[in-house]
Each structure stands twice: as C-alpha cells, then as structure tokens.
DNA sequence: CGTATGTTTATTATTATTAAAGACAGTGAG
DNA sequence: CTCACTGTCTTTAATAATAATAAACATACG
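Chains as they are written, first to last, in my numbering: chain A, 98 to 398; chain B, 98 to 398.
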C-alpha cells in the first residue's frame, strides 16, 4: 500500500553501478553530492546507502563510505511496474476513443480503464477533470464520468471556434515579412500537396496527416498558449471523425488539397481578403464534412 | 475511513419522517418504490430499513414492512460534515488568489489548502488539473502544483485571445436583426453607462461590475461553449487585476465608459467596420491597463 | 408471470499509510 | 571558528485498502 518505491529502487541500482565503476577501498562522495547527482532527495540516498551497508557492499563509518566488494546480480532490486504519467495517458485515451469507436453517452469506468491503460485510478480522475473543461467528458451527479463530447452540437461549436481562431492566424500570417520561416514551410507544404495530388488515387489516405501538418503550420505563427491548447483538441476531434467517414474519401481529400493550394496561393500574394476568403471556404467544407460524418455514423444526439 | 455515509443517513432520516406521516400498522411501499422516491439505490434503502427494524420502528416480515411506533429524536442520525463539491471550490479558490494577492510561482500545498477550503485533497487535485488546461497552475515534475498564471506574458496572451473572441462577437452582433433581444439590452446598458458617467466622481468604483456586464452581453450573442468557458477565465483575470491597479482609477473608468458608449453607437449604426474599430480600440486600452497594473504590482516575470 | 426481495458483484469516494522531500540542528575535520 | 556533512524530524503527496453505494442477478411469493 501507499506510494511505490520506484525512486528508491532506481537510485539503489544506480548507486550499485556507480560503486562498480570505482575501486574497492575508495570512498563514495557525500550524501548531498550523491543526491544532486542522481536527482533524488537525500532521504532516498540514505535508505539506499543503508541497504548497501547491510549487503556489505559498502561500509558506513561516520562520514566514510568505503566500497568493500563488487555487486552481484542478486544485489539489484526489481521495482514495481511503472505506471504511466498523465501526459502519456492523454494520447492513449484519445486513441482508445478513436479506435474503439466509443459512442457519446458511454459511462467511463475508471477502475477498468485504469487497468487497461495501466495508470492509477487517481490519474484518470484528474485527467477526466481536465477534459471536462472542454466538455468532452462530464461528471455524473453521484460520481462517475460520461463521454459527452463528439456529438453534433459539439462538432458545430468546435468548428465555429476553430474558424474564429484560424481566420485570425491567416490574417496575421498574410502580414508577415518575406524572411519569416513560415514562407519556406509553406513552399515545402505546397510541394507535398502537389506530390500527393499526383498519386491521389492510391495514396489518398495520406492526406489526413498532411492536413494536420498544414493547419498546424498556419496556426504556428500565433504564439498563444490558448490557441495552442485548443489546436490540440481541434485537430484530435477532426481527425477522429474523418477516420470514421469513409464515403467519398478520395474525392473529399482531393478537394481539400485544392483548397489548401488555393489558400497557399492567396497567402503568398499577401492579399489578406483573398486569403481570408479562401480559408473561410476551406473551413466551411471541413465543417460540412465533419457534420456529414456524424450523420452517417449515427453518433449524434 | 472510506467514503462518507451521508446518503445512508439522509435516506434514513427521510424514511423516519415518511413513517411518521403514515399510520401505525400501515405497510410501507416496496423497496423499489422507496428507492426511486428518495433518489437513492435499493442498497441504501435496505440498510435504512434494517436499522429501522432494529430500532423496532418497523417490523420486517418477508414482503411486509409494518409501522410499529412513532420515531423519537434519538432515532435520527447525524451525518458527517458535508464537504464542498468542485463547483463551490472554483469560486472559493479564485477568490483566495484574488484577496490574498498570491504571487505567481507560489507552491500550492494541497494538504493545507484542502483543510482551509474544507474539501477532500482529491477534489483539489482534480480542480488543479482542470485549471492546468488554462495554464493558471502547472504540475511540478515530482508532484505538487505551482501557481503559474497571472504573469505578464499570460496577461498578454489572454488579452490577445480575448480580442480575437470579442471581435468575432462584435462582427456577429452588428448583423443581427432589430428585433433581437440584444438591442434592448444595449439600450439599457447605454442608460446605465450614461447614468454612471454623471456621478463618476463619487461612484467610479461601480464601473467594474458594469464592465463585466457589458462584455458579457456582447459575447452572449455567440452561443458557443468554448467561448463561454473562456469568458469565465477572462473576466476573472481582468477584474482581478483591475482591483489591484488603483492609479487613475477614476480617469481610466471614465475613458472606458466613453469607449463603451462609442461601441454601442457604432453597433447601432450597423456599420461592422466602425464597430470593429471601436471594439479594437477599447480592447487595446484594456490590455494596456492590464499590463500597467502588472508592472505597478511587480508580480510580473 | 410479474413484481418484490435476497444475494452477489462492481465501482467509486475517501481514509490510512508509506515514500519522498525538505528543514533543522548537531558534529567534526580543517 | 566555520563550513560541509550527517542524523533526526516534519511535512507533503502518491497510492492501496476500505466502506459506501449502485447495479446486476437470482430467487421467491402472490
């Protein structure tokens, strides 16, 4: 019970390799030095040293920590299974929703999911709480969580919000000086789009990552933590749903590529109005595709 | 240890009053009926009934639950102290940051705060996790939280984000038909502004709530959960900092009132460009005020 | 045969407990 | 003396254990 002693085990083993690197009879550095070297607190170092003393690998005598013998395989400790942190959890959870096609309204079982994802239940709770800010999950009155996002209404509002943010990026981008990095990136992206267009019949599946890359590039010119935070959610939801909707995928993607190219063209001409119009057109198409995909999948409420 | 039995205690007491309302010798309804009536699970009802049986207030005999006697004062149970939920916590926490003038970089002590706010530590953790989406607090590498928001950079990015959202609202508002509610609300707000302007020398403190009301009205025309979520954070941070900055408060507020009036005027003329320009000017002033207030308070990084 | 109850299982919210971090004070070598 | 080092103690956060609850299932009664 209580927290895992991963840090202790790791420090202990690291200390072993450290001893083996030194000569028998040498003195180990001070506890303070060791703690800052291994990046753990002195408390951990002291417990590890105490164990090494017990194993007679070192001899503690006041300030002196004399190395007495080499370490054996058995001296090393096995730590508990490492649990994932909250960052890894995010992508794993969203991937799960995506792949398993979890419908809105599903009750999320914290105990079960924590096993599946091998995280502490506690970590999942926190994670859900943070997602609840975006309404993707909501807390039920008496405990428990429900997957709530990914409904039609949600999609509409998210699309609209995306449009507001991205039009702002586009307007800003059109005013940037020619020496800005973005122009080179746009040139590269243009090449990638043209190349994909040539082999669209076979490789239309490759559009999705390219789409994400393109929109990420556009938004990268605005350095704003709120925009970036939303970008993550937005790109997730869009690509999630696009994977569902397999109807006319080839044609949709071809159209989208052409819209992207038009936007790049307009941006390069530095005509803000033209660029905005092109962006607006493309975002409207995206929104429509998203809504269609919702209807064909009957996940809407 | 483990969770509180609040639900049991409450159901138990409710059941007592229910019995007292009926005649001695009557039969209580079925467990299912009671559970749906009191809004708790059958398990809770069964535990409560079992206790009432022990106290000889009712007699359980197969399906029959016969009322045997009236309840006494002592039969009622006292529940544990009620802990606050996560919603109440939000306002209490933000209020604490505001009043105590907690500087950025402060390490937030979950154990201590959970006592102060009388919530479970667990609840605080979840709450911080949700705030971390907006960067107001951030998680430290090995556990713990730091108050991170409310720095200069944060303020700049928040202002910019606010501008993007609010200009969008303004553009939208200018296109609304005359029969829309918003026009009447704007008329009312105009009167309130004019009235405050007349007595500005004495009542300039009254501007802050009016400002919030005005901006809330503008944004109310966009029904989007993301916009609304942000509105909450934005209005908090702005009014938080404005309370700090007492320099030239009267003049600042008078200027802001005039800017509001100009914006109302422009909106009513349905000239989108004019309205946008007026809004942009006002938001720029707001941003400047926010930055100034940060510098005078030396909380910036 | 349907409704009510008895029983079991699953799941969550919360506490108790331990690991780790950090503070403080004492100690001894230079 | 003093400064780095160690011993001890306090505080804090992460996790396991646990009680409360919900829900599912099985059984019995009318």
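Ideal placement from N, C-alpha and C gives every residue a C-beta, glycine not left out.
Assign residue i to one of two classes, buried (16 or more other C-beta atoms within 10 Å of its C-beta) or exposed (fewer than that).
i, result
"residue 120 (chain B)", "exposed"
"residue 272 (chain B)", "exposed"
"residue 124 (chain B)", "exposed"
"residue 235 (chain B)", "exposed"
"residue 118 (chain B)", "exposed"
"residue 204 (chain B)", "exposed"
"residue 284 (chain A)", "exposed"
"residue 163 (chain A)", "exposed"
"residue 350 (chain A)", "buried"
"residue 246 (chain A)", "buried"
"residue 292 (chain B)", "exposed"
"residue 134 (chain B)", "exposed"
"residue 338 (chain B)", "buried"
"residue 101 (chain A)", "exposed"
"residue 237 (chain B)", "exposed"
"residue 308 (chain A)", "buried"
If you measure from the beta carbon of residue i to each beta carbon in chain B, is any gap under 8 Å?
i, result
"residue 185 (chain A)", "no"
"residue 189 (chain A)", "no"
"residue 226 (chain A)", "yes"
"residue 387 (chain A)", "no"
"residue 324 (chain A)", "yes"
"residue 398 (chain A)", "With a pLDDT of 41 at residue 398 (chain A), under the threshold of 50, the modelled position of that residue is not reliable, and no figure is offered here."
"residue 390 (chain A)", "no"
"residue 304 (chain A)", "no"
"residue 261 (chain A)", "yes"
"residue 301 (chain A)", "no"
"residue 347 (chain A)", "no"
"residue 258 (chain A)", "yes"
"residue 139 (chain A)", "no"
"residue 383 (chain A)", "no"
"residue 211 (chain A)", "no"
Under the three-state reduction of DSSP, which class applies to residue i: helix, strand or coil?
i, result
"residue 163 (chain A)", "strand"
"residue 368 (chain B)", "coil"
"residue 178 (chain A)", "coil"
"residue 326 (chain B)", "helix"
"residue 306 (chain A)", "helix"
"residue 278 (chain A)", "helix"
"residue 110 (chain B)", "helix"
"residue 101 (chain A)", "coil"
"residue 357 (chain B)", "helix"
"residue 423 (chain B)", "Because chain B is modelled from 98 through 398, residue 423 (chain B) falls outside the range shown and cannot be assessed."
"residue 316 (chain A)", "helix"
"residue 391 (chain B)", "helix"
"residue 133 (chain A)", "helix"
"residue 144 (chain B)", "helix"
Check each candidate in the options and name the one with the smallest Cα separation from residue i.
i, options, result
"residue 165 (chain B)", "B:246, B:152, B:348 and B:175", "B:152"
"residue 170 (chain B)", "B:182, B:183, B:154 and B:298", "B:154"
"residue 103 (chain B)", "B:128, B:127, B:133 and B:145", "B:145"
"residue 188 (chain B)", "B:344, B:333, B:204 and B:352", "B:333"
"residue 335 (chain B)", "B:113, B:224 and B:390", "B:390"
"residue 355 (chain B)", "B:215, B:135, B:345 and B:287", "B:287"
"residue 361 (chain A)", "A:112, A:243 and A:376", "A:376"
"residue 167 (chain B)", "B:122, B:278, B:321 and B:196", "B:122"
"residue 174 (chain A)", "A:185, A:114, A:219 and A:137", "A:114"
"residue 347 (chain A)", "A:296, A:230 and A:131", "A:296"
"residue 268 (chain B)", "B:211, B:366 and B:289", "B:366"
"residue 384 (chain B)", "B:202, B:249 and B:245", "B:249"
"residue 207 (chain A)", "A:158, A:392, A:185 and A:243", "A:243"
"residue 229 (chain A)", "B:179, B:224 and B:233", "B:224"
"residue 110 (chain A)", "A:194, A:172, A:190 and A:326", "A:172"
"residue 261 (chain B)", "B:316, B:139 and B:289", "B:316"
"residue 240 (chain B)", "A:147, A:182 and A:325", "A:182"
"residue 231 (chain B)", "B:99, B:327 and B:386", "B:327"
"residue 301 (chain A)", "A:138, A:352, A:280 and A:159", "A:352"
"residue 255 (chain A)", "A:299, A:108, A:180 and A:387", "A:387"
"residue 259 (chain A)", "A:279, A:313 and A:222", "A:313"
Mind checking who residue i pairs with in its DSSP beta bridge?
i, result
"residue 242 (chain A)", "A:205 and A:236"
"residue 124 (chain A)", "A:163"
"residue 155 (chain B)", "B:164"
Please report whether the beta-carbon of residue i lies at a distance below 8 Å from any beta-carbon of chain A.
i, result
"residue 222 (chain B)", "yes"
"residue 321 (chain B)", "yes"
"residue 254 (chain B)", "yes"
"residue 265 (chain B)", "yes"
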